[in-house]
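In what follows, a structure is listed as structure tokens, so that the remarks can point back to it.
Number of protein chains: 2
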Amino acid sequence: MADVNKKQKGQYHHGDLRRALMQAAVDLVAESGVEGFTLREAAKRAGVSAAAPYRHFSDRADLLAAVATEGFNRLLPALQAAIDRTEDDSMAAIAGLGLAFVEFGVSNPSHFKLMYGPHLPDRAAHPELGDLDLEGFRMLSQAIARAQEEGRLTTGEPRQMALVSFALVYGAVSSYLDGEMTRLGFSTREAQAMLEAGGFYLLRGLARS
Amino acid sequence: MADVNKKQKGQYHHGDLRRALMQAAVDLVAESGVEGFTLREAAKRAGVSAAAPYRHFSDRADLLAAVATEGFNRLLPALQAAIDRTEDDSMAAIAGLGLAFVEFGVSNPSHFKLMYGPHLPDRAAHPELGDLDLEGFRMLSQAIARAQEEGRLTTGEPRQMALVSFALVYGAVSSYLDGEMTRLGFSTREAQAMLEAGGFYLLRGLARS
DNA sequence: ACCTGAACACCGTTCAAGT
DNA sequence: ACCTGAACACCGTTCAAGT
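This is how it looks when you write it as structure tokens:
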């Protein structure tokens, strides 16, 4: 049960330096935000020199993008599972997607910040990120379209209704992670209650009257 | 009409270095994000040495916090104006608050990011920021309470309904500013349309049935 | 009171050299 | 193929010294 996060003393090769660096990034972001992450500190925690990361990542941003990609690769199956779990109820599927998204963000704050935050300077350099992002959004759009076909949601562009829903859950999670809710005097419990109520209010507004 | 942003050549005193540094910060954040802002570059643009800013700000974070404070000092009057403009219609006041918030964010992206983003490492060091933040939130809560008294919104904790509304507009603005909407394939026009529709859907959900 | 110049510790990144 | 050590340009911050 060797610790894969640190190089064995005296060993020349690391084992899985790529993994260890990504884990160090997640830890550092959790500890002190994305600004608090430095390549040198990540290398130090993995027990290698400051130059070693450049064998595995082209630069600092490339490492962060790899963590973001890992995040999408965790989120998308969770969203799919939420849909599968509610095969019979199209409205429940939409609510389930929202809850799964929120749960993912709260459980994976470092990943979430890198996936959706302003920290990746050149997203064009990582096209796979955009593709994964779009795929999640398409799941939501399709769930909304399905509910419309069943006559349970009001008419309107599914894409637009999806974007409204996304803005709500995205705003909820990121303002929570940024500490805005705490600043406004909400406890974690209250914040959670509001998330559920928020989804309820919005769904009510989207519902067929 | 002297350029207050640069020190006159040969002049020893600057004139208003504090202002010039804050303006440089706004510009740098707009150009390359908060990560792209450096104290040294701001000082360079103001025409002073790298140590000069420390006469006016205790450190880098203090300068950024000053810009955030300036942002709240612009936002709050805009919110108040939105309320005054719709004295007679409590529902219009809520919608007006949302639109004013969105308009502020789109027009003052650098300020908005610093006010609500994760970039200020120690917000406790700047208590006035939390106060101003809360004041804006109280405006929204009161508008909601008023609409409830008039029987136009469903019952429920105004604070909680305000938080839901805040999450929606906050999510809309910050995902727009972070480029997420563009990534999802929405044009600026579409994004704007969705903002309006989003407010409509949510208000509909909050309305008394 | 306000600013400069030099200094320190730190960072991202490169590159020749080691195993 | 993978990593080290030294180097470079840059950054935040401090401090003695200048005006």
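Chains as they are written, first to last, in my numbering: chain G, 1 to 209; chain P, 1 to 209. Ideal placement from N, C-alpha and C gives every residue a C-beta, glycine not left out.
Within chain P, the C-beta atoms nearer than 8 angstroms to that of Asp178(G) come from Tyr116, Gly117 and Pro118, in chain order. Boundaries of the alpha helix (DSSP H) around Phe166(G): Pro158 to Leu177.
As computed with DSSP, Leu153(G) is found in a beta bridge with Ala207(G). Annotation: Gln192(P) has no Cβ neighbours in chain G at a cutoff of 9 angstroms; minimum Cβ distance is about 11 angstroms. Residues of the segment 141-161 of chain G whose Cβ lies closer than 7 angstroms to any Cβ of chain P, in chain order: Gln160. Between the segment 140-149 of chain P and the segment 165-173 of chain G, the count of C-beta pairs closer than 8 angstroms stays below three; the two stretches do not touch. Closer than 9 angstroms at the C-beta level to chain G, one finds these residues of the segment 19-52 of chain P: Ser32, Gly33, Val34, Glu35 and Gly36. Burial state of Gln11(G) is exposed, judged by a 10 Å Cβ sphere holding fewer than 16 other Cβ atoms.
Counting C-beta atoms within 10 angstroms of its own C-beta, His13(G) has fewer than 16 neighbours from the protein chains shown and is therefore classed as exposed. Nearest CB-CB separation between Leu184(P) and chain G: below the 7 angstroms threshold.
With respect to the 7 angstroms criterion, Leu206(G) and Leu153(G) are classified as neighbours on the basis of their beta carbons. Contact note: Val164(P) reaches chain G through Met194, Ala197, Gly198 and Tyr201, using a C-beta cutoff of 7 angstroms and chain order. Chain G has no Cβ within less than 7 angstroms of the Cβ of Ser107(P). Counting C-beta atoms within 10 angstroms of its own C-beta, Ala81(G) has fewer than 16 neighbours from the protein chains shown and is therefore classed as exposed. Residue Ala24(P) holds the alpha-carbon nearest to the alpha-carbon of Leu64(P) among Thr188(P), Ala24(P) and Thr155(P). For Leu21(G), the CB contacts under 8 angstroms within the same chain, skipping 5 residues up- and downstream, are Ala42, Ala43, Ala46, Pro53, His56, Phe57 and Leu63 in chain order. When Cβ-Cβ separations below 7 angstroms define contact, Ala124(P) makes no contact with chain G. By the Cβ test, the segment 98-113 of chain P is not in contact with the segment 150-170 of chain G, since fewer than three Cβ pairs between them sit closer than 8 angstroms. Neighbours of Gly171(P) in chain G, taken as residues whose beta carbon is under 9 angstroms from its own, are Phe166, Ala167, Leu168, Val169, Tyr170, Gly171, Ala172, Val173, Ser174 and Ser175 in chain order. Shown here for Arg123(G): same chain residues with a beta carbon closer than 7 angstroms to its own, the five before and five after excluded, namely Leu129 and Gly130 in chain order. Counting the other Cβ atoms within 10 Å of the Cβ of Ala191(G) gives 16 or more, which makes it buried.
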